[in-house]
């Protein structure tokens, strides 16, 4: 596959998935700003937000909304940063929305994004599991 995100959606490329349904796939960014930095992609290939069919916009952004809440709840973050690039600074030409956990004085200033890595696969898997748990419907 030419698109790495399409390969992730298809299961041909490994990723720490936190959501996978008919509208979107969400997985940990390999080079996170902070642990728990998630990318949410539409299941079908669309390069930019403008290319996303109107009927898909609502369902897709409902998943972005759920992931944002899960990042905050699952990681105990004070808030989240949600953003998408269109063409400029878009490292993969497949629409993707960044959901980044935020806390006061976390060091993120403007659009200077110092990237890091997970210490190991076990740590990434643990964080993905916390986010999956936070996405699970509440029992009650």
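In this note's numbering, the protein residues as written are 38 to 177.
Cβ coordinates follow ideal geometry from the N, Cα and C atoms, glycine included.
Hey, quick one: how far does the beta strand (DSSP E) through residue i stretch, first residue to last?
{"i": "residue 141", "result": "No beta strand (DSSP E) holds residue 141; DSSP gives it neither H nor E."}
Who does residue i pair with in a DSSP beta bridge?
{"i": "residue 57", "result": "62"}
{"i": "residue 135", "result": "76 and 120"}
For residue i versus residue j, is the C-beta distance shorter than 9 Å?
{"i": "residue 164", "j": "residue 89", "result": "no"}
{"i": "residue 114", "j": "residue 153", "result": "no"}
{"i": "residue 118", "j": "residue 145", "result": "yes"}
{"i": "residue 110", "j": "residue 56", "result": "no"}
Using the Cβ count rule (16 or more neighbours within 10 Å means buried), how would you classify residue i?
{"i": "residue 177", "result": "Its pLDDT being 49, under 50, residue 177 is placed unreliably by the model, and the measurement read from it follows with that caveat. Exposed, since its Cβ has fewer than 16 Cβ neighbours within 10 Å."}
{"i": "residue 62", "result": "buried"}
{"i": "residue 120", "result": "exposed"}
{"i": "residue 76", "result": "buried"}
{"i": "residue 94", "result": "exposed"}
{"i": "residue 68", "result": "exposed"}
What is the residue span of the alpha helix (DSSP H) that residue i lies within?
{"i": "residue 111", "result": "91 to 112"}
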